[in-house]
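Residue numbers (the numbering used here): 1 to 283. No residue lacks a Cβ here, since even glycine has one placed at the ideal position from N, Cα and C. Worksheet for the structure shown next.
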């Protein structure tokens, strides 16, 4: 069995809870669109978001620790290992604690594998079947190839080599090895997802197909808001850095059309986020 753990941020730190709930709803639908029945979904949260979707494989686990406050978020610096300095340690710690709680809850199902899915991403519908079919129970897989999707577009970028560095929805790890993905050695815990080999030495295999979609520009993923994306790409036009950045991206990415079949395979429903924003403003 493959257990998907979905850490959901608190309404108290959400930019727009209505918009975020729409994204969460799509993510849960995407996960539960698996071709195999051999999976469970544990959505870990403070408040259960107002989603319309229900499924017999889905459960919400509410945690009792406090969410990060505005003061904590303002005081905590980005992760030292983060070269772009756009991840906030308090938010990352909240996510890590929820992942740890989800892993503890997953023991009730005696899973073979664990996968963390960010609450605004989508995944391939064949992951559970792939994990079930695995022979000799390898340590797990990292998603080397995955898609980057700017919400509302009819085009999508395939990242061919470094998806696991960009996106947290990128690891399928054997359940007995999964706890080491949450590093608790520092002042605040953090979930690390860039692994191709685990800290205890086990090698992860590259997933042999593109396994997930990283949603950007949706205003709720603070690492990929329009402002953060702009920051990550802030090179003076026609400068050497600008040209080198373009060349790097051409080598890493391939542009593809989002077809109906693609949307079905990944559960990538087209969302009316502007309508959700308007509803919030009217309220």
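Bridge partner(s) assigned by DSSP for residue i
{"i": "residue 213", "result": "122, 147"}
{"i": "residue 53", "result": "DSSP, once it has assigned bridges, lists no residue as partnering residue 53."}
{"i": "residue 129", "result": "Residue 129 is not bridged to any residue."}
{"i": "residue 159", "result": "146, 253"}
{"i": "residue 113", "result": "2, 174"}
Residue i in three-state terms, based on DSSP
{"i": "residue 92", "result": "helix"}
{"i": "residue 141", "result": "strand"}
{"i": "residue 203", "result": "strand"}
{"i": "residue 268", "result": "coil"}
{"i": "residue 7", "result": "strand"}
{"i": "residue 256", "result": "strand"}
{"i": "residue 59", "result": "strand"}
{"i": "residue 104", "result": "helix"}
{"i": "residue 152", "result": "coil"}
{"i": "residue 135", "result": "coil"}
{"i": "residue 65", "result": "coil"}
{"i": "residue 48", "result": "coil"}
{"i": "residue 75", "result": "helix"}
{"i": "residue 87", "result": "coil"}
{"i": "residue 232", "result": "In this predicted model, residue 232 has a pLDDT of only 44, less than 50, meaning its place in the structure is not dependable; the value taken from the coordinates is given anyway. Correct three-state label for residue 232: helix."}
Residue burial classification, residue i (beta-carbon count within 10 angstroms, cutoff 16)
{"i": "residue 153", "result": "exposed"}
{"i": "residue 75", "result": "exposed"}
{"i": "residue 68", "result": "buried"}
{"i": "residue 104", "result": "exposed"}
{"i": "residue 37", "result": "exposed"}
{"i": "residue 209", "result": "exposed"}
{"i": "residue 127", "result": "buried"}
{"i": "residue 2", "result": "buried"}
{"i": "residue 270", "result": "exposed"}
{"i": "residue 142", "result": "buried"}
{"i": "residue 169", "result": "buried"}
{"i": "residue 4", "result": "buried"}
{"i": "residue 12", "result": "exposed"}
{"i": "residue 140", "result": "buried"}
{"i": "residue 27", "result": "buried"}
{"i": "residue 110", "result": "exposed"}
{"i": "residue 174", "result": "buried"}
{"i": "residue 183", "result": "exposed"}
Same chain, Cβ closer than 6 Å to residue i, neighbours up to 5 away in sequence not counted
{"i": "residue 203", "result": "197"}
{"i": "residue 29", "result": "53, 267"}
{"i": "residue 199", "result": "180"}
{"i": "residue 7", "result": "44, 95, 98, 99"}
Cutoff 7 Å; reference residue i; Cβ partners in own chain excluding five residues on either side
{"i": "residue 50", "result": "21"}
{"i": "residue 65", "result": "97"}
{"i": "residue 178", "result": "103, 114"}
{"i": "residue 257", "result": "154, 155"}
{"i": "residue 158", "result": "145, 147, 210, 253, 254, 256"}
Closer than 8 Å: residue i CB and nearest the ligand PLP heavy atom
{"i": "residue 125", "result": "The ligand PLP is absent from the structure shown, which contains no ligands of any kind."}
Own chain residues within Cβ distance below 8 Å of residue i, not counting five before or after
{"i": "residue 129", "result": "34, 35, 36, 38"}
{"i": "residue 25", "result": "49, 51, 52, 53"}
So within the segment 166–203, which uninterrupted beta strand (DSSP E) runs reach at least 3 residues, ignoring any that extend past its ends? Whole beta strand (DSSP E) segments, 3+ residues: 171–174.
Return the chain-ordered ranges of every alpha helix (DSSP H) run that is complete within the segment 9–45 and spans a minimum of 4 residues. 17–31
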